[in-house]
Each structure stands twice: as structure tokens, then as C-alpha cells.
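First up is the structure itself, then whatever we jot down about it.
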């Protein structure tokens, strides 16, 4: 609970316990003083539902935090704030889903790695060259799997580059059902 300050516009003391269910709650953000989106009173409490939005290259306007001095001001401004808030919430959901799917892909690819990499050479121009070893004759349907050469990778970025090498087209096919599960109901 934050300090009991009376909103100059609403003439009330905010009470978080009376917020309707499903309505985003505001929380203190630190010493920076910003203005309430409804009444202009100084406030550091951002809408938690759309706080810290991910940026996107196609943004026409920069999406930022929306601040309110009290739950009453926030509720009164909901009609104005709702379109941008729901857009940001959707974007945050997609960013989190994408990051999780990407991590699942890397883990999956490491388990089913199919290249016999014996050397990873990183040149000054930033390019990575992968050197493959000699493959043994296949005796079973699982003999094509190789241990991922994590010890040869200098960084996490290098590891991800090697894991994604020659797997770009296959990634969506491998994870088709999982991607559908994550995005079900969103579009």
C-alpha cells in the first residue's frame, strides 16, 4: 500500500482494496514525479497492466507508462486509457510468448542436434565458421543425433547461432502445435 495522499482532483484517499477485479492496480515507481493522466497531480504510480511496454520499430508514437495519482482517477480515465493499455498488454503477451518459444526451440534443438561439429571458428568480421567431422555409418534411426558442442561456443549468442544453423525452415514445422497452443485465442 502506498502513502495516504489525497488526490486534488478527486478529493479522496486511494484504497487499493476496493478496486474491481480484473482492473489493473497502480504501484509506486520511485522518486521521479510524473503527472496523473487524468487530473495532472504529481504521481509516480504507473498502470501495472501496461507498465514498461516493449518497443517496436513500427510504433508511430512512443509507448510509455501511464501514471495515476489514485485508483479513482485511474478508473475514471479507463475509457480513454483502455485502447492503448489493451494494445500494450497484447504486445507484452506476444513478446513473452515469442521469448519463451525461442527458448523452447533452443532447448529442443540442443536435444535433437544433428551436426557433428568439431570446431567453431569466429573470425574478426563476426562470421562464424562451423567445421564438421566425419559421420559414422547409421545403424539405427537415432544415429543421426549428435551431442551439441557447447564447450566450443564462446558465448550464449554463439551457441544460439550454432543451434539455429540450418534449422530456420524446420523450426516452425517442429513447433507448429506448440505455437498454436501459445497463441490460441489471441488472434
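Residue numbers (this note's numbering): -6 to 180. Glycine included, every Cβ here is placed at the ideal spot set by N, Cα and C.
- Relative to the Cα of residue 85, the nearest Cα in the group 94, 43, 100 belongs to 43.
- Looking at 40, 56, 27, 78, the one whose alpha-carbon comes closest to that of residue 47 is 56.
- For the 9 Å CB-CB criterion, residue 155 and residue 104 do not form a contact.
- Listed as beta-bridge partners of residue 110 by DSSP are 125.
- Residue 62 sits away from residue 89, with the two beta carbons spaced by 9 Å or more.
- Beta-bridge annotation (DSSP): residue 27 is paired with 36.
- Boundaries of the alpha helix (DSSP H) harbouring residue 171: 169 to 176, taken from the DSSP string.
- Residue 91 holds the alpha-carbon nearest to the alpha-carbon of residue 173 among 116, 150, 74, 91.
- Here residue 134 is exposed, its C-beta having fewer than 16 other C-beta atoms within 10 Å.
- In this chain, the alpha helix (DSSP H) harbouring residue 100 covers 71 to 104.
- Put simply, of 73, 171, 125, 60 the residue whose alpha carbon is nearest the alpha carbon of residue 141 is 125.
- In chain order, 106, 107, 108, 109, 110 place their CB closer than 8 Å to the CB of residue 139, counting only its own chain and leaving out the 5 sequence neighbours on each side.
- Residue 27 and residue 67 have their C-alpha atoms spaced approximately 14 Å apart.
- Residue range 149 to 157 is occupied by the alpha helix (DSSP H) that includes residue 157.
- Sorting 158, 34, 116 by C-alpha distance to the C-alpha of residue 99 places 158 at the top.
- Residue burial is scored here from C-beta neighbours: residue 169 has fewer than 16 other C-beta atoms within 10 angstroms and is therefore classed as exposed.
- Cβ neighbours of residue 131 within its own chain (closer than 7 Å, five residues either side excluded): 137.
- Per the C-alpha coordinates, the member of 150, 41, 160 positioned closest to residue 79 is 41.
- For residue 149 against residue 115, the beta-carbon gap comes to about 14 Å, at or over 8 Å, which does not count as contact.
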